[in-house]
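Read left to right, the sequence shown gives residues -22 to -1, 1 to 1052 (mature numbering (1 follows the signal peptide of the UniProt record, and there is no 0)).
Note that CB positions come from ideal geometry on N, CA and C, so glycine has one too.
Small disclaimer: the values here were computed from a predicted structure and weren't measured.
Just below is one structure, and these are the notes that go with it.
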Amino acid sequence: MNKISKLLAVLLLFVTALPLWAQSRVVTGTVKDQNNQLLIGVNVKIKDSSHGTITDFDGNFKLELDEGATTLEFSYIGYKSEVVEVGTQSHFDIVMTEDAEQLEEVVVTALGIKRDKKAVGYAMQQVGGEEITTVAAASPFSALSGKIAGMDVSTSGSGAAGSTSIRIRGANSLSSSNEALIVIDGVPMENSGGSGAGAFGGFDYGSNINNINAEDIESINVLKGGAAAALYGSRGLNGVVMITTKKGSKNDQLKVTYNANYTWERPNVVPEFQNQYAQGSGGKYLATSVNGWGPKMTGQQVTNFLGETQTLMTNNENPVGDFFRTGSTFNNTVSVSKSGENNTVYFSATHMKNQGIMPNAELERLSLNLRATSKLTDYLTMDSKVNIINQDVFNRPNLGGSPDNPMYTLSQMPRSVSLDQLQVYQTNSGLPVMYNTNYRMEGGYPVWAGTGSFPFASNPLMQNPYWAVNENTNQDVRNRIIAFTELDLDIKKLLVGVPLDNFSLKTRASIDYTMDERERHTADQTLYKPAGLATINYSKSNFSEVNYDAFLSGLKSFGDFGFSFMAGGNLRYNKSNGYASSSQSGIVDPNLGYILQNFNNVITSQSITEKTMQSLFGTLTFDYKDQLFLNFNMRNDWTSALAPGYWSFYYPSVDLSWIISEAVNLPEAVNMMKVRASYAEVGNDLGPHSIFYSFATNPNQYYGLPYGGIPSSKPLYELQPERARSIDFGLETHFFDDRIILDVAYYQTSTDNQIFYAPLPPSSGYNTGLTNAGLVMNQGLEIALNTDIVRTNDFTWQMNVNASRNWSEVLELTEGVPVLNSFAAGGAMIQHQAGQPLGQIVGTAYMRDENGTIMLDEQNLPMYQLTEDGAMNEQVTIGNSVPKWILGINNSFRYKQFSLNVAIDGKFGYDMFSYTNLVGNQRGTLATSVDGRDGWYESEALRAQANVPSNSWTPTGGMKVTGVNQEGQAVEAYVDPQLYYDRLSNITEAYVYDASYLRLQQVSLGYTFPNKMLESTPFRNVTFSAVGQNLFYLYSNVPNVSPNSTVATNNAGGIEIFAFPETASYGFNLKVEF
């Protein structure tokens, strides 16, 4: 039996009949297939009545008959319905036979068009909605990791409010988005928001995809190849994720489902800190030092930064683990579905409340979803949906290199400083309390002990993490509406004599409207702000996308031959309107709080963008004997974002599918074999107004007045969209009655006309200029293996393996531009280089001799490479940020009423630069910085005792280094660990790690209560599950941070800078159906 049919059959276990309270006789029975296998979840119904039941895990059923009932109906997905007369019989043994027509698997393709899977000539893969609801994740689409071959799913690590990045088959664009297009019920979805974090901080405002209620999702179909997405034209370059949501039930019964889940979360990777050495430098205690290179803590007494006497003892506190709290998420969903003869309705309401691991942070989301279908006449049907989402987030974590990022301070806090000493984070006068400033205690509160002006914005910039999360707060509110109405006219039924087997017209109007309101401020007296002046940023914006679609489709068969067609058009209109106000000049009255009206010199700006796209498209499919399919797709876009003469672009594609098993006698073990091939051209459009000069006011001020400036980048009026040409070959084979299904695909995509800003000479008057140039190639191999390892009445074991290998190369850029810089932070840069793979990590590197041995200077410290001019060379390639291999292993077990799902995912063959490790070692706080300290301090004590200058002393202990000197002689020596790690802070290569990992991604253990236990209750089905996600890493080479920790989920992958902790979540899920 077909794999999808079996999945649907198991899902029918969740559909049971309402209790029959009428007093009448009871009939029982067993239902099997023609192979004598028990069938689970068969619908057993009294004819002309809504009363019924389903078979249990043993294929048995029990049903009370109403008075006058004479006939039973048996129905099951993939099988022919059976009708039996009751008579006087009380027990029935029913045998059901497969229905070949029902077994044809139908998939949702581009524009929401449904096609037989066997006729599809390109790569696609589908998962059921339960794949992302199994573990009840706060960011539901993160559960897709490892479920689709060739799809890279990553999160920003900032919790439920963060972003989820979905990339299919690597990156095609050098500077534009490489994110897949998200389509819900045929409606493209605006999926911006995302991470704005950078080297100096920022916020991740979350992907719009995470606003979707996972409980409303029926299935997800991923269109991978260019031919799969060609009908989306300039939006389909990076593949498409097609989401189909639920409609009303189809069993004429009212169905009410309540789903509740509660999860808690903790950081799953925290830095390992040293616990032996105190605040200070050179082995000496300094009460206001930012370093942890002080003396060994052996019980000595010192005066700390608060002016108190402190006994220095071994510190086992982990500031990261202790500062962050146990987060929690409580999610409740109620859904109601009903169907009648001509109508269906589905309604759901979901409330989610999340308290993240960061103190004083909270997210609350409410989602209402209503979908209805109606058969208005024999030839006209309607499908309408509206989804309303409200999300309120208080205090998103500041990320990256901002002092308000708690990890900024916690990663480098000296080990003799405790969190208890920082919890009182301000003095009585409102000044900040931080360990690099002297205070004295009066009446239980710290008082600044300095003279003159308080040292605001001192170097390095520091921040008390408790001040950051309690005073420098932020809030954003998002309201969103997604709605569509679709009409389907069956022209064949309307007009008699149409010479086609099927002829219909479908029209659809849709809207995606989002309104965002954001506010963030730094409080008065914030330590790292000049003069402690308060700042504020406030913005309010809305975005709308309206789509109008019309499709005319038909098909006709001529004996062994057949053809089908579709022709249509789309009109899309996008508009955004927003304004932003800011002040960097402090507040007027401290008693009035942080509102715009209370700030000095507020500057306001407004931005309005509009874009229109008109499109025509069509498909033409030919088939022979229902085994050979040839499909042509055509699309032409006209966009207002480009200039006349350049605003029209055409995208063709062709794909071929051949069911070999229908034409050739294959071994008995092979029950289906299909080959496919496709060629496509798709594009990547650009945002509005990109080809024109734009001017903006500067948020800073000059003598109290705002000012503007001319743009530093030159636009290109003749700009054209990026264009990708792709080929795709695949082989799908089913073995042993679909017990093993293997799908292998090879793809190659070449994207030219890359859009990026290239450097210009100063004489041009610009720094950079927008250009069309460059060629990027992606090619890869994908393997998807689905297996039914064990399948018995009581026990099943299914295992799915998804693996992919990607190769990328920048074949060319533009004349005179050998490299293109993408993102820089902490001394590392993501760079694209002609002739090299995408996403190279560049920075400083060890100087080595011809044998690769590290060279040491006169102090026996590692040397870094220099340019020809003798300057530090910051352009050395030291790694690559793009994963070569992506792996997912998913196991599902069922034993009677128990189910167990275990998912493992991994990425391999890529690198990551960690600034947290660099700074933690430089400050002397990480465990790796301990080596050699005791030996060095003992050596220094002996040197002092002998009264020998340091340049005449051979150290007897310390950090042991090996290498060669500048004369090529081998060196083995001891050096000061503090100097060693200070030198390494200038060598980026020292903190580039192999980021390959293997992770236990999710586990769920569930129990479904037997029907017999529910007979006297109003419940049809009750399932209870224990769940977990991101539990731990089975393999990782990156110390102290998660290998998934990067600055952002955009093109800045590969650089980690004070990453917010990735979390592991655990919890319970209860699903009850009435």
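If you drop the 5 nearest sequence neighbours on each side, which residues of the same chain put their C-beta closer than 7 Å to that of residue i?
i: L439; result: P381, Y506
i: N838; result: V939, V949, A951, V953
i: G887; result: P861, K862, W863, S974
i: Y551; result: V524, T590
From residue i to residue j, what distance separates their C-alpha atoms?
i: K23; j: T774; result: 28 Å
i: N253; j: N294; result: 6 Å
i: M825; j: Q809; result: 21 Å
i: G532; j: L483; result: 9 Å
i: G857; j: E1034; result: 14 Å
i: T387; j: S431; result: 23 Å
i: W636; j: D721; result: 14 Å
i: K652; j: E646; result: 16 Å
i: Q875; j: Q818; result: 50 Å
i: A205; j: I688; result: 42 Å
i: E846; j: L709; result: 53 Å
i: V298; j: A968; result: 24 Å
i: N199; j: E449; result: 45 Å
i: Q1007; j: T597; result: 42 Å
i: S315; j: I669; result: 49 Å
Who pairs with residue i in a beta bridge, going by DSSP?
i: N764; result: I719, N778
i: Y324; result: S315, R349
i: D527; result: R486, N548
i: N296; result: Looking at the DSSP assignment, N296 forms no beta bridge with any residue, so it has no partner.
i: L759; result: Y724, R783
i: Y423; result: E420
i: K589; result: N552
i: R911; result: The partner list for R911 (beta bridge, DSSP) is empty, contrary to what the question assumes.
i: G305; result: E243
i: W616; result: Q592, S626
i: I110; result: DSSP, once it has assigned bridges, lists no residue as partnering I110.
With a CB to CB cut of under 6 Å and the five nearest residues on each side skipped, what residues in its chain are close to residue i?
i: T485; result: L465, A528
i: L865; result: A781, G884
i: G334; result: G137, G305
i: G261; result: P273, Y915
i: M650; result: S639, H712
i: V632; result: F610, Y657
i: G148; result: N756, N784, S786
i: R145; result: D130, N156
i: S345; result: N191, T328, I367
Does the distance from the C-beta atom of residue i to that of residue j stay below 9 Å?
i: G203; j: S704; result: yes
i: V411; j: W445; result: yes
i: P245; j: P796; result: no
i: F539; j: F610; result: no
i: R343; j: N239; result: no
i: S389; j: G898; result: yes
i: R393; j: T903; result: yes
i: F1046; j: V1000; result: no
i: V5; j: F70; result: yes
i: S585; j: S554; result: yes
Helix, strand or coil, according to DSSP, for residue i in the structure here?
i: N851; result: coil
i: E244; result: According to the sequence as given, residue 244 is Arg; it is not Glu. Three-state result, R244: strand.
i: A1042; result: strand
i: A905; result: helix
i: R213; result: helix
i: S656; result: strand
i: Q399; result: helix
i: K224; result: coil
i: P988; result: coil
Which residues in the same chain as residue i place their Cβ atom closer than 8 Å to its Cβ, once the five residues preceding and following it in sequence are excluded?
i: N416; result: A265, T266, F283, G285, W426, A427, G428
i: V942; result: D827, T831, I832, M833, L834, A948, V949
i: H499; result: N450, T451, N452, A512, T513, I514, N515, Y572
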